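> Dropping a structure here in structure tokens format, bear with me for questions.
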Amino acid sequence: MTTTAVHGGARNAVSDSLTMIGRSIRLSRRNVDTLVMSIVLPLLMMSLFVYVFGGAINTGTQYINYVVPGIILLCTGYGAASTAMSVADDMTSGMIDRLRSLPIRSSAVLTGHVVASVARNLLSTTVVIGAAIAMGFRPNATVTDWVLAAGLLLLYVLALSWLAAGLGVIAKSVESASTLSFLMLFLPYLSSAFVPTNTMPSFLHAVSENQPITPVIETVRGLLTGTPIGNTGWIALAWCVGLLTCSFTFAAWLFRRRTHG
Amino acid sequence: MIVEATGLHKAFGSTKVLDGVDLHVAEGTVFALLGPNGAGKTTTIRILTTLSRPDLGSVRIAGYDVVREATKVRGVISLTGQSVALDDQQTGRENLVMIGRLMHLGRPAARRRATDLLERFDLVDAMKRRVKTYSGGMRRRLDLAMSLVSQPRVIFLDEPTTGLDPSSRTTMWDAIKDLVSSGTTIVLTTQYLEEADRLADRIVLINGGKVAASGTTDALKSQVGGDRLDLRFAVEADVARAVALFDAPRGTDPLVLGIPSDGSADHLHRVLDDLRIAGVPVVKVSSHRPTLDDVFLSLTTTDRTPVQV
Ligand SMILES: Nc1ncnc2c1ncn2[C@@H]1O[C@H](COP(=O)(O)OP(=O)(O)OP(=O)(O)O)[C@@H](O)[C@H]1O
Ligand SMILES: [Mg+2]
């Protein structure tokens, strides 16, 4: 009647992470409201911008070709908010105590949420791009361009997901997690996502030129539709790598602090 | 001793919660931690289960130090916390298999273990339903089942039967007794003294951050004295006269006087005769055997005169 399982070690660390990833993905799949919203909302936004505002915004190209990268990043912000909320749910329910009383590296719970977050984003991004093409989006990207764009977006999504996980760890409740992640939903509007930044007043122009979303969007737009990229690609990469390093460290540090009382 | 805690201190900011608590639990026994709300029961359990570090003091579980060898401790214990910890959006079975995988059972072994536990806790019919559809009693049962996946040597249960109806409570008690008979050690906290009375081999009562009493249930009961006669009077003046007559201390109820008794009819006769001769009318007489409630009340209520023998 005794277990002979051995705990600790690299193999178990991988298997624990896989178990937690499986759990988070299952929970995401079953949280139908959130999943549907994370797809429907960007689609609504895209229709709104393309059919309602788009005619009045002069970007020098077909507006849909201009706006798709911004919609993709908007989705990411939305996805991050739900990641922060599910992390906060675990941290504030008894679940985290149960997991921490097991002989596992309990940060696997964060890994699970982050990977599920990336998977949700993959789904919503695919749907958005499909819908955009149906609405007249005409990318002229080569396979290499697509791969580079996907790689950059993946880095960005990972960085944002770890940031969201960190916010979920500090939040005192699920509601405050959603409030904390409000900024991530708001930042795309202060970027070149929907309108060229040179149309903004000089103060906002400075803000939008120097926040991470603008170079990421400019790069993705350049890769997909052939607008000039210049050195924004490197700036975007630097932002994403820097952001990922910081947000991962931040989340891991907060988790350790919060769980060592 | 499978659980050995010495000199536990814990404060949250300026609130001292534990102020030098010692606990010793022998392997294969049931140990109950009692105390009023906010006494520090959950805090103690969290320290014993590696979730929280003591400010001072040390704990060894099965010989492992809870701070330095936390992973080893986690390999031999399990915790069912005060609030139910389940994934509402997973089925009962998925919840159990997940824990099995995290305890590093292989996938087939984790599935087998889940099936065994679902049968044992009468959850087979509900195993494919999401936990959000479960009743409170089913959740508590599944929560306990989650703790048993790894066949731990020491099981910590923080108020395992709070909020259960009497029949679910009996089921839970039976499950606990089964575990003990197979050699598992149980450390539980409870608000229900009856529960401690039924299950526990030893009890520790904490109050004000310190151990207020400890021992077997019988020893604790004898600490508050033997049988007692409770005399109820119509007016307080009568109580005062009876106090003089029997030299007994007053209790909390101003109209009731408790006097020590050997429980015999003879003693009852004598008491009633004394009262009649002195002309003190008594309204009601009841005899009282000590319960853990008396222990609890006498040790945790400061403004109450302790019951004396
Ligand atoms: N993380 C914390 N931060 C601040 N205070 C805390 C914390 N955890 C517990 N306390 C305080 O410590 C005291 C003891 O709490 P604990 O939960 O251990 O009591 P308990 O005996 O389990 O009570 P109950 O019977 O209500 O469950 C309480 O006053 C509580 O407010
Ligand atoms: Mg408690």
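Protein chains in written order, with our numbering: chain C, 22 to 282; chain F, 954 to 1262. Just so you know, even glycine gets a beta-carbon here, dropped at the ideal spot from N, CA and C. This structure is a prediction, so every number in the text was calculated from the model and none was measured.
Whole angstroms is fine: what's the gap from Ala1128 (chain F)'s alpha carbon to Gly151 (chain C)'s?
Taking the straight line joining both Cα atoms gives about 55 Å.
> Interface residues of chain C around Thr1002 (chain F) at Cβ under 9 Å?
In chain order: Asp118, Arg121 and Ser122.
> Please list, in chain order, all residues of the same chain as Thr1003 (chain F) whose beta carbon is under 7 Å from its beta carbon, the five residues on each side excluded.
Result list for Thr1003 (chain F): Val1019, Ala1023, Val1026 and Arg1027, in chain order.
> Just the Cα atoms here: how many angstroms apart are Leu1210 (chain F) and Pro1113 (chain F)?
Their Cα atoms are separated by approximately 36 Å.
> Within 10 angstroms of its Cβ, does Lys193 (chain C) collect 16 or more other Cβ (buried), or is it exposed?
The residue is exposed, with fewer than 16 neighbouring Cβ atoms inside 10 Å.
> Would you mind stating whether Ile1139 (chain F) and Val983 (chain F) have Cβ atoms separated by less than 7 Å?
Cβ atoms of Ile1139 (chain F) and Val983 (chain F): closer than 7 Å.
> How about Asp1183 (chain F) and His1241 (chain F): are their beta carbons less than 7 Å apart?
Contact flag set, yes.
> So which residues on chain F does His134 (chain C) lean against when the C-beta distance must stay under 9 Å?
Going along chain F, no residue has its Cβ under 9 Å from His134 (chain C), so there is no contact; the nearest lies around 13 Å.
> With 8 Å as the limit, tell me which residues of the stretch 63-97 of chain C have their beta carbon closer than that to any beta carbon of chain F; keep them in chain order.
Answer set for the stretch 63-97 of chain C: empty.
> DSSP three-state call for His281 (chain C): helix, strand or coil?
In the structure shown, His281 (chain C) sits in coil (DSSP, three-state: anything other than H, G, I, E or B).
> Please work out which residues of its chain come closer than 7 Å, Cβ to Cβ, to His962 (chain F), disregarding the five sequence neighbours upstream and downstream, and give them in chain order.
Closer than 7 Å at Cβ, skipping near neighbours: Leu971, Asp972, Gly973, Pro1007, Asp1008, Leu1009 and Gly1010.
> Do you know how far the Cα of Phe1109 (chain F) is from the Cα of Thr1137 (chain F)?
One C-alpha to the other measures close to 11 Å.
> Whole angstroms is fine: what's the gap from Leu131 (chain C)'s alpha carbon to Val108 (chain C)'s?
The alpha-carbon atoms of Leu131 (chain C) and Val108 (chain C) are separated by roughly 7 Å.
> Spatial neighbours of Phe158 (chain C) within its chain, please: C-beta separation below 7 Å, excluding the five flanking residues on both sides.
Result list for Phe158 (chain C): Ile85, Asn86 and Val89, in chain order.
> Is His226 (chain C) helix, strand or coil by DSSP?
Reduced to three states, the DSSP call for His226 (chain C) is helix.
> Tell me the DSSP secondary structure of Thr270 (chain C) in three-state form.
Reduced to three states, the DSSP call for Thr270 (chain C) is helix.
> Buried or exposed: Asp1118 (chain F), going by 16 or more other Cβ atoms within 10 Å of its Cβ?
When all chains shown are included, Asp1118 (chain F) counts as exposed.
> Just jot down, in chain order, the residues whose CB lies closer than 7 Å to any heavy atom of ligand 2.
Any residue whose Cβ sits closer than 7 Å to a heavy atom of ligand 2 makes the list: F:Lys994, F:Thr995, F:Gln1035, F:Asp1111, F:Glu1112 and F:Thr1142.
> Please classify Arg277 (chain C) as buried or exposed, where buried requires at least 16 neighbouring CB atoms within 10 angstroms.
Under this definition Arg277 (chain C) is an exposed residue.
> Taking CB distances under 7 Å as the criterion, tell me whether Val970 (chain F) reaches chain C.
Closer than 7 Å: no.
> So is Asn231 (chain C) buried or exposed if we call it buried at 16+ other beta carbons inside 10 Å?
Exposed, since its Cβ has fewer than 16 Cβ neighbours within 10 Å.
> Does the distance between the C-beta of Ala1038 (chain F) and the nearest non-hydrogen atom of ligand 1 fall short of 6 Å?
It does not: the Cβ of Ala1038 (chain F) is nowhere closer than 6 Å to a heavy atom of ligand 1.
> List the endpoints of the continuous alpha helix (DSSP H) containing Ala1023 (chain F).
Where Ala1023 (chain F) is concerned, the enclosing alpha helix (DSSP H) stretches over Ala1023 to Val1029.
> Can you give the Cα-Cα distance for Leu1055 (chain F) and Ser1100 (chain F), rounded to whole angstroms?
Each residue's alpha carbon lies about 12 Å from the other.
> What number of angstroms, rounded off, separates the C-alpha of His226 (chain C) from the C-alpha of Asn79 (chain C)?
Approximately 17 Å, taken between the alpha carbons.
> By the 10 Å Cβ neighbour count, where 16 or more other Cβ atoms means buried, how is Thr24 (chain C) classified, buried or exposed?
The predicted position of Thr24 (chain C) is uncertain, since its pLDDT is 47 and thus under 50; a value taken from the coordinates is nonetheless stated next. Counting Cβ neighbours within 10 Å, Thr24 (chain C) comes out buried, since at least 16 surround it.
> In whole angstroms, what is the alpha-carbon distance linking Ser1134 (chain F) and Asn52 (chain C)?
Between Ser1134 (chain F) and Asn52 (chain C), the C-alpha separation is close to 42 Å.
> In whole angstroms, give me the CA-to-CA distance for Pro233 (chain C) and Ser36 (chain C).
One C-alpha to the other measures close to 34 Å.
> Using a Cβ cut-off of 8 Å, pull out every chain C residue sitting near Asp1040 (chain F), in sequence order please.
The answer, in chain order, is Arg44, Leu48 and Met116.
> Pull the bridge partners of Val1235 (chain F) from the DSSP assignment, please.
Partner(s): F:Phe1186.
> Quick one: is the Cβ of Gly988 (chain F) within less than 6 Å of any heavy atom of ligand 1?
Yes, ligand 1 has a heavy atom inside 6 Å of this Cβ.
> Enumerate, from N- to C-terminal direction, the unbroken alpha helix (DSSP H) stretches of 4 or more residues contained entirely within the stretch 197-258 of chain C.
As far as the stretch 197-258 of chain C is concerned, its whole alpha helix (DSSP H) runs of at least 4 residues are 203-207, 223-230 and 234-246.
> Identify whether Lys994 (chain F) lies in helix, strand or coil by the three-state DSSP scheme.
Three-state result, Lys994 (chain F): helix.
> If we define contact as Cβ-Cβ less than 7 Å, is Arg277 (chain C) a contact residue for chain F?
No, Arg277 (chain C) does not count as interfacial toward chain F.
> Is Gln1261 (chain F) helix, strand or coil by DSSP?
Since pLDDT at Gln1261 (chain F) reaches only 34, below the 50 mark, its modelled position is unreliable, and the value read off the structure follows with that caveat. Gln1261 (chain F) falls in the coil class under three-state DSSP.
> For a contact defined as C-beta to C-beta under 9 Å, what are the partners of His281 (chain C) on chain F?
Residues of chain F passing the Cβ test: Ser1005 and Arg1006.
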